[in-house]
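S.K.: Numbering (full-length UniProt numbering), first residue to last: 1 to 151.
1. In whole angstroms, what is the alpha-carbon distance linking residue 46 and residue 72?
2. Considering only their Cβ atoms, is the gap separating residue 101 from residue 78 smaller than 9 Å?
3. Rounded to whole angstroms, what is the Cα-Cα separation between residue 44 and residue 10?
4. What does the alpha-carbon distance come out to for the pair residue 109 and residue 121?
5. Rounded to the nearest angstrom, what separates residue 144 and residue 49 at their Cα positions?
6. Measuring only the C-alpha atoms, how far is residue 53 from residue 133?
7. What does a CB cutoff of less than 7 Å around residue 15 pick up in its chain, not counting 5 residues either side in sequence?
8. Can you tell me whether residue 84 is buried or exposed, with buried defined as 16 or more other CB within 10 angstroms of its CB?
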């Protein structure tokens, strides 16, 4: 009779990451999923749809259970960033969690904007857990002709 061992690739990956972090002196605690773990601080990211019309780009991010104060949108050097944090509900004496499938913690999504947008035109709307960003397209810049004198 032979013993069978069930292969779990997640455990092997976790072991590999722990060895990697020890090698570089980074702290990582096994099983810590409350935001102290180096890798759990951005272990989820909201689903995003990007759409384009003749006049604008629209980015829609699903952020259920969050409100507008939990989210920050910035544009810097042609990069649009959406960041925030979904806080987990604390377990209390009168309520126990039996299953947690939703992701909690911080997230950061970055998008490189095309050159044909007006970075100052970003408009944000947050309703029913859906963040909608609208970025207007800019008029294409005409190439500037410079006359060169030949001597």
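A virtual CB, placed ideally from N, CA and C, is assigned to each residue, including glycine.
M.R.: Checking against the coordinates, here is how it stands:
1. Against the chain shown, residue 46 aligns to sequence position 46. Against the chain shown, residue 72 aligns to sequence position 72. So the alpha carbons of these two residues sit roughly 13 Å apart.
2. Taking the chain shown and counting its residues from 1, the one referred to as residue 78 is at position 78. Taking the chain shown and counting its residues from 1, the one referred to as residue 101 is at position 101. Not a contact, by the Cβ cut-off of 9 Å.
3. What you label residue 44 is simply residue 44 of the chain shown in a count that begins at 1. What you label residue 10 is simply residue 10 of the chain shown in a count that begins at 1. In a straight line, the C-alpha of residue 44 is about 17 Å away from that of residue 10.
4. In the chain shown, residue 109 corresponds to position 109, counting from 1. In the chain shown, residue 121 corresponds to position 121, counting from 1. Roughly 19 Å between the two C-alpha positions.
5. Position 144 of the chain shown holds residue 144. Position 49 of the chain shown holds residue 49. Cα to Cα, residue 144 sits roughly 36 Å from residue 49.
6. Translated into the one-based positions of the chain shown, residue 53 becomes position 53. Translated into the one-based positions of the chain shown, residue 133 becomes position 133. If I take the Cα positions, the gap works out to 13 Å.
7. Looking up residue 15 in the chain shown gives position 15. No residues qualify anywhere along the chain.
8. In the chain shown, residue 84 corresponds to position 84, counting from 1. Flag for residue 84 reads buried.
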